[in-house]
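Throughout the sequence shown, residue numbering follows the working numbering, covering 1479 to 1786 in sequence. Yeah, the Cβ is synthetic: ideal placement off N, Cα and C, and Gly gets one too. To start, the structure itself, in structure tokens.
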Amino acid sequence: MIDFVHNRRTYFILAGVLVALSVAAMLVSYVTYGQLVRIGIDFKGGSLFSVHFTAPVTEDVIREAFAEEGYTSTIVQQLGDPADNTWQIRTSFATTDQINAVLERLEEITGAVDRSSSVVDTVEATVGAEVARSAAQAAGVAALVVLTFIWFSFRKVPHPLHYGVASVVAMLINVIVAMGFYALMGLLQGWEADALFLTAILTVIGFSVQDIIVVFDRIRENIPRHRGEPFSLIVNRSIMETLHRSLATQLNAMFVMIAILLFGGATLKPFIAVMLVGMLSETFTSMFVAVHIVGLWEEHRKSRPARA
């Protein structure tokens, strides 16, 4: 039997390194953009143009048209197959008149704007701020629900609160790693957090809880089944018994995500990428961090009377 417990210090160090690198990426993003993760119009407000052209155009031409209408800070990205001639442009908030003026200017410069297939979405700054607050509240509520749910589910196990706290710690590590990755891609590729990013983070939280409960539930079953064994041996046995199932489940999901990354549309790639990184992180933390936090806590609790 592989001794996973013996290597738990290595797992904790690796988790610490991942968190440190993620925090460093977010701090660099904060220094560069004033935000831990670059946020898009869903959170800060603004306008998102999805413009279809009937003939090929260049990014410089699009930037020129927007700059002439006063939008100098734009993010321009081509969507999908270049042959589709569809571009996405993010700007500060634009009124209906300003949107029409920009589209007319694009038509004058390129002569190839397909107005019927072009879409513009706008979000006011106050709405974006409310969405950001709601996102923070959702993450906080999720942590509280996870803590309460696991504490209640494992109430017949000695010290069930330890399981809840370990789950929340692992969940926070996964969220920090996912956010750190997104902050890094914001620095390198200009990715901005939007509603899909929030969906990915909440999905990572859900996967984290699912995998952790699988291992914890096996520990709960093995405690009475192997009564008298050291808790560390029960933890090790539980990891061995659930490792194959957890890895098989995660790999199946990861293969699908990798396929979407390789062949899917450009707008989905940031969403899928952050979910993939989060899933890699939660696979590690559920098997090699959360359970060892509980094990270490249990050993510390049992060692206290001996020192008294």
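{"query": "Three-pair Cβ contact test at 8 Å for the segment 1647-1663 versus the segment 1746-1753", "result": "yes"}
{"query": "Same chain, Cβ closer than 6 Å to S1759, neighbours up to 5 away in sequence not counted", "result": "N1652 and V1655"}
{"query": "Reference L1526; option with closest CA among S1551, E1546 and I1628", "result": "S1551"}
{"query": "Exposure of E1670, with buried meaning 16 or more beta-carbon neighbours within 10 Å", "result": "buried"}
{"query": "Environment of I1491 [buried if 16+ CB atoms lie within 10 Å]", "result": "exposed"}
{"query": "F1762 in three-state terms, based on DSSP", "result": "helix"}
{"query": "E1547 and A1590 closer than 7 Å at C-beta", "result": "no"}
{"query": "Whether V1767 touches A1621 by CB criterion (7 Å)", "result": "no"}
{"query": "Boundaries of the alpha helix (DSSP H) in which F1685 is found, first to last residue", "result": "A1673 to R1703"}
{"query": "V1529 beta carbon less than 7 Å from that of S1596", "result": "yes"}
{"query": "CB of S1716 within 7 Å of CB of I1701, strictly", "result": "no"}
{"query": "Under 7 Å between C-beta atoms of V1769 and V1693", "result": "yes"}
{"query": "C-beta atoms of G1494 and F1571 nearer than 7 Å", "result": "no"}
{"query": "Residue from P1708, G1742 and L1725 whose Cα sits closest to the Cα of V1483", "result": "P1708"}
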